[in-house]
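Asks:
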C-alpha cells in the first residue's frame, strides 16, 4: 500500500480505436523515468512502436502529485505537444483528433481533464501501454495517426494491496486482492481532485473584501476517475474479465452584483451562473478462451459513452416603485456520443513460423450534440420578448471492420507481418468502405543490428468539430457526410535499429505520411462550434508530414539516459483557405528530449528531463494597406497562413527520491520535484502588434505571451 502526501506550491494557479486485439504484454522497464523497451525494439517487426510498462510511471516525473500517461508520450520522438501543460498528441503531423485511445480494448473519447492539464488515465492501475506511430497491425483501425493501447492490471489473486495518495490538488485510493483465492480477483481505484475545496475559502475572502461594492463570486472545479476490474478464472485457459471506467469533470462559476440607490435600497441585481459537467462512461465484458496451445480466442462486448452539459444563465433585474424589469438569457450546450459494440479476435499458430491473427468488430455509434438558446424579457410587467432557438444533430453510424494478419518468420534473419483490414461505415444514407493494406518487414543484419520498413493505410470515419485548438467539452464528434468524407492516411516508415557496446542502443527511423479529408474551421475562435450545416463552416484539405527520429539510450543497473531527437516537416493545403502548401500550426522543426536517472545508493536517486522544440506557428499579416491616406479602412496582406514562428520552447524538470525502510520492512519515499526548474516563461499564446513603418505600408509583428513559472512539488510515499 502506498500512502503519498504531496504538497505543491501553487504558482501555476497564480501565473496562470478495430478495437484492439489483446495487447502484447510489455516487459518491465528497469530504472527509468521515461523509456521505451531498450533491447526489445530491435525484435519488433513493426516500426514506430514503443512499449512502456506501468511500473515505469512510479518513478516518472509528476506534476501536481500524479504521473501522467499523456505527458510521458509527449516526450517521445515524432510527437508534438502543442500548448504547454496540455495533453495534446500531434503524431507524425496529425491534428490531435486522429489518435485511437483504447482502454482494455475499448475506445475512449475524452482522454483528459480541465482542458488537457490532467490525463484521464490513473497510473495506479496501468499495466502497460503499446504506442504505435507507424507500422500499424491490421487489428487496429478507426483513427488516422496513432494508437495508444492501454491495458489495466488484474487484481492480485492471493494477497491484498492498496494505494492511498493525498495531495494538494487531488487524492487517490486503490485497492486490490482476491474475492475467491486463486479464482476471482478485483482491482478498484479512484482519483478525485479537490480544487473546489481549496478555492472555497479563497472565494470567501475575496467576497468579504468586495461586500461593500455589492460583488460576490464563487468558483468550484473538481474531476473524478473511477476504475474497477474483476477477473474470474472459469477453469484453466478460460477467464472472464469485467471492466468499468467512469470519469467526470464539474465546474461552476457564479457572479453576482447588487446595485443600490441613494437611499441604500436594492435597485438592480445581475446574476450569471455557469455550470459545466462532462466525462466518460465505459464498460466491457471479455471472455478469453484457450482452445489449445495453438489457438485462443477473445470475445468482447462493450459500451463507451462521452457526454457534456454546459448551462449558462444570466438574469438582470431592475426594481422600480411599482414594477420590475426582468431580462433572462439561458444557453444549454449538450453533447452525447454513445458507442455499443462487439468484437472477436483469434490467435492461431498453425506452424512455428506463423502467427495468425484474425477477427472483426461491429460498432453502433450514436451522435447527438445540441445547442439551445432562450431569451426572456419583461418590460413594465409585460412580456416584451420571448425567443427560443434550438439547433442540433442526431445521427446513427454503423462501423464494421474485419482483419487478418500473419507474423511470418521467413528465415532466421527475416520476419514479415502482412495484414489486410476491410472497413465499412454507414451513416445518414452514406456508405464508405476501404481496403487497408498493412505490411512490415524486419531484416536482422546481425544479432545487434536490424533494418525495418513498413507501409500502412488508416481510415477515420468520425470528425471532431471544434472551433478552437483547446480540448473543450463543447467540442462535438460527428460522422462523415456526403460533403466531408472520412479522413484517410497513408504512411511509409523505415529505419535502422541497433544495440551498441556498453549497454547502449541507437535507433534511427524516418517516415513519410499523406493525409486526406482533413478539416479546418474557417471562422473565428469560438467556445461553441457550429452544429447546423456545420460542413459549411469547415473546409476540407490534405496534408503531408515527413521527418527523421533518433533514439539513443544508455542503461545500467544504476543509471539510465535517453536522448530523443526529431527533425520533421508538417504541411497543409486547403484550397478554400490558401492556394498552395503552407506549414501547420504545430510544425516544430526540431525537438529534443533528454531524460536521465541515476540511483546513487539504495537510499537516494535523482532524475532530470530537458525538453526543447522550435516554436509553434501563427498567422500574422505582413502588411496593411489603407485605401486612402489617413483612412481606417484598408486591406490586410498575408504571405501565407502560419507564416510566423513563435519563440522556441525549452524547459528543465528535476526530481529527487529519498528511500527509507521501516522496521517492518516496508518502504517509505520522500520525493522533491521541480517543473520548469530555471523558470523559463514559454509562450502559451501570441499577440500581434503594429510596427513602426513609413508611408502607407503598415507592418505587423507577433509576440508570444507566457504564464507558467517554476512549479516545485514534494511528496511522501509509504508502501506496505
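Numbering (this note's numbering), first residue to last: 1205 to 1924.
Note that CB positions come from ideal geometry on N, CA and C, so glycine has one too.
Whose C-alpha, out of 1556, 1569, 1595 and 1428, is nearest the C-alpha of residue 1612?
Replies: In the chain shown, residue 1612 corresponds to position 408, counting from 1. The option with the nearest alpha carbon to residue 1612 is 1556.
Asks: Assess contact between the segment 1396-1404 and the segment 1295-1309, defined as three or more Cβ pairs (one per stretch) separated by less than 8 Å. Is contact present?
Replies: Not touching, per the Cβ criterion.
Asks: Of the choices 1808, 1790 and 1721, whose alpha-carbon is the least far from that of residue 1762?
Replies: Your numbering for residue 1762 matches position 558 in the chain shown. The option with the nearest alpha carbon to residue 1762 is 1808.
Asks: Could you tell me whether the segment 1321-1341 touches the segment 1644-1662, using the rule of 3 or more Cβ pairs below 8 Å?
Replies: They touch, by the three-pair rule.
Asks: Count the other C-beta atoms from every protein chain shown that fall within 10 angstroms of the C-beta of residue 1806, then say buried if there are 16 or more, exposed otherwise.
Replies: Numbered from its first residue, the chain shown carries residue 1806 at position 602. Exposed, by the Cβ-count rule.
Asks: Rounded to whole angstroms, how far is the Cβ of residue 1857 from the Cβ of residue 1813, which I believe are closer than 8 Å?
Replies: Residue mapping note: residue 1857 aligns to position 653 of the chain shown, counting from 1. Residue mapping note: residue 1813 aligns to position 609 of the chain shown, counting from 1. Between residue 1813 and residue 1857 the Cβ distance is about 5 Å, and since that is below 8 Å, they are a contact.
Asks: Can you tell me the Cα-Cα spacing of residue 1881 and residue 1316, whole angstroms?
Replies: The residue given as residue 1881 occupies position 677 in the chain shown. The residue given as residue 1316 occupies position 112 in the chain shown. For residue 1881 and residue 1316, the distance between alpha carbons rounds to 25 Å.
Asks: Whole angstroms is fine: what's the gap from residue 1382's alpha carbon to residue 1389's?
Replies: Within the chain shown, residue 1382 is the residue found at index 178, counting from 1. Within the chain shown, residue 1389 is the residue found at index 185, counting from 1. Going from the Cα of residue 1382 to the Cα of residue 1389 covers about 4 Å.
Asks: Reducing DSSP to helix, strand and coil, say where residue 1738 ends up.
Replies: Taking the chain shown and counting its residues from 1, the one referred to as residue 1738 is at position 534. Residue 1738: helix per DSSP, three-state reduction.
Asks: Just list the residues that DSSP pairs residue 1333 with in beta bridges.
Replies: Numbered from 1 along the chain shown, position 129 holds the residue referred to as residue 1333. According to DSSP, which records beta bridges pairwise, residue 1333 is partnered with 1256 and 1354.
Asks: In terms of residues, what are the limits of the beta strand (DSSP E) holding residue 1501?
Replies: On the chain shown, position 297 is the one that residue 1501 refers to. Residue 1501 -> beta strand (DSSP E) spans 1499-1523.
Asks: With distances taken Cα to Cα, identify the nearest neighbour of residue 1568 among 1387, 1460, 1542 and 1417.
Replies: Here residue 1568 refers to the residue found at position 364 of the chain shown. Answer by Cα proximity: 1542.
Asks: Measuring only the C-alpha atoms, how far is residue 1430 from residue 1920?
Replies: By 1-based counting over the chain shown, the position of residue 1430 is 226. By 1-based counting over the chain shown, the position of residue 1920 is 716. Spanning the two alpha carbons is a distance of roughly 23 Å.
Asks: Hey, quick one: how far does the alpha helix (DSSP H) through residue 1718 stretch, first residue to last?
Replies: Walking along the chain shown from the start, residue 1718 turns up at place 514. Premise fails: residue 1718 lies in the beta strand (DSSP E), 1708-1725, not in any alpha helix (DSSP H).
Asks: What three-state label does DSSP hand residue 1293 in the structure shown?
Replies: Locating residue 1293 in the chain shown gives position 89, where the first residue counts as 1. Residue 1293: coil per DSSP, three-state reduction.
Asks: Drop a sphere of 10 angstroms on the beta-carbon of residue 1855, count the other beta-carbons inside from all chains shown, and report buried for 16 or more, exposed for fewer.
Replies: By 1-based counting over the chain shown, the position of residue 1855 is 651. Label assigned to residue 1855: buried.
Asks: Grouping DSSP H, G and I as helix and E and B as strand, with all else coil, what is residue 1411?
Replies: Along the chain shown, one-based indexing puts residue 1411 at 207. DSSP places residue 1411 in helix when its eight states are reduced to three.
Asks: Please give the ranges of any beta strand (DSSP E) in the segment 1757-1810, keeping only runs that are unbroken, at least 3 residues long and fully inside the region.
Replies: List check, beta strand (DSSP E) in window: 1763-1777 and 1794-1805.
Asks: At what residues does the beta strand (DSSP E) containing residue 1921 begin and finish?
Replies: Start at 1 with the first residue of the chain shown, and residue 1921 comes out as number 717. Segment 1915-1923, the beta strand (DSSP E) holding residue 1921.
Asks: Hey, how far is the Cα of residue 1324 from the Cα of residue 1254?
Replies: The residue labelled residue 1324 in the question sits at position 120 within the chain shown. The residue labelled residue 1254 in the question sits at position 50 within the chain shown. Taking the straight line joining both Cα atoms gives about 20 Å.
Asks: Leaving aside the five residues before and after residue 1274 along the sequence, list all residues of the same chain whose C-beta is less than 6 Å from its C-beta, in chain order.
Replies: As a working note, residue 1274 is residue 70 in the chain shown. So the qualifying residues of the chain are 1291 and 1323.
Asks: With three or more C-beta pairs closer than 8 Å as the rule, is the segment 1543-1551 touching the segment 1511-1525?
Replies: Contact fails: fewer than three Cβ-Cβ distances are below 8 Å.
Asks: What is the rounded straight-line gap between the Cα of residue 1755 and the Cα of residue 1917?
Replies: Reading the chain shown from its first residue, position 551 is the one you call residue 1755. Reading the chain shown from its first residue, position 713 is the one you call residue 1917. The alpha-carbon atoms of residue 1755 and residue 1917 are separated by roughly 29 Å.
Asks: Which residues mark the beginning and the end of the beta strand (DSSP E) in which residue 1856 is found?
Replies: Translated into the one-based positions of the chain shown, residue 1856 becomes position 652. It spans 1853-1865 - the beta strand (DSSP E) in which residue 1856 sits, taken as one unbroken run.
Asks: Within this structure, are the beta carbons of residue 1785 and residue 1751 separated by less than 8 Å?
Replies: Numbered from 1 along the chain shown, position 581 holds the residue referred to as residue 1785. Numbered from 1 along the chain shown, position 547 holds the residue referred to as residue 1751. No.
Asks: Anyone know if the C-beta pair for residue 1845 and residue 1782 falls short of 8 Å?
Replies: Counting from 1 along the chain shown, the entry for residue 1845 is found at position 641. Counting from 1 along the chain shown, the entry for residue 1782 is found at position 578. Their beta carbons are under 8 Å apart, which means residue 1845 touches residue 1782 by this criterion.
Asks: In chain order, what residues of the same chain lie with their CB nearer than 6 Å to the CB of residue 1938, ignoring the 5 residues before and after it?
Replies: Absent from the structure is residue 1938, since the part of the chain shown begins at 1205 and ends at 1924.
Asks: In angstroms, rounded to a whole number, what distance separates the CA positions of residue 1318 and residue 1655?
Replies: Walking along the chain shown from the start, residue 1318 turns up at place 114. Walking along the chain shown from the start, residue 1655 turns up at place 451. Distance between the alpha carbons of residue 1318 and residue 1655 is about 42 Å.
Asks: If we ignore side chains and look at the alpha-carbon of each, how far apart do residue 1573 and residue 1669 end up?
Replies: Translated into positions along the chain shown, residue 1573 becomes position 369. Translated into positions along the chain shown, residue 1669 becomes position 465. Spanning the two alpha carbons is a distance of roughly 10 Å.
Asks: Between residue 1652 and residue 1616, is the Cβ-Cβ spacing less than 8 Å?
Replies: Residue 1652 sits at position 448 when you count from the first residue of the chain shown. Residue 1616 sits at position 412 when you count from the first residue of the chain shown. Cβ atoms of residue 1652 and residue 1616: not closer than 8 Å.
Asks: Can you tell me the Cβ-Cβ gap for residue 1888 and residue 1910, rounded? I've got them flagged as a contact below 8 Å.
Replies: By 1-based counting over the chain shown, the position of residue 1888 is 684. By 1-based counting over the chain shown, the position of residue 1910 is 706. Correct: roughly 6 Å between the Cβ atoms.
Asks: Rounded to the nearest angstrom, what separates residue 1803 and residue 1859 at their Cα positions?
Replies: Position 599 of the chain shown, counted from the first residue, corresponds to residue 1803. Position 655 of the chain shown, counted from the first residue, corresponds to residue 1859. Whole-angstrom Cα-Cα distance: 12 Å.
Asks: Please list, in chain order, all residues of the same chain as residue 1450 whose beta carbon is under 8 Å from its beta carbon, the five residues on each side excluded.
Replies: Numbered from 1 along the chain shown, position 246 holds the residue referred to as residue 1450. 1428, 1429, 1430, 1483, 1484, 1485 and 1486.
Asks: Could you tell me how far apart the beta carbons of residue 1289 and residue 1321 are, in whole angstroms, since I believe they sit closer than 8 Å?
Replies: In the chain shown, residue 1289 corresponds to position 85, counting from 1. In the chain shown, residue 1321 corresponds to position 117, counting from 1. With a Cβ gap of about 6 Å, residue 1289 and residue 1321 count as contacting.
Asks: Quick one: what's got a C-beta closer than 6 Å to residue 1930's C-beta in the same chain, skipping five residues either side?
Replies: What the structure shows of the chain is the stretch from 1205 to 1924, and residue 1930 is not part of that stretch, so it cannot be assessed.
Asks: Helix, strand or coil for residue 1399, going by three-state DSSP, please let me know.
Replies: Residue 1399 sits at position 195 when you count from the first residue of the chain shown. Helix, per DSSP.
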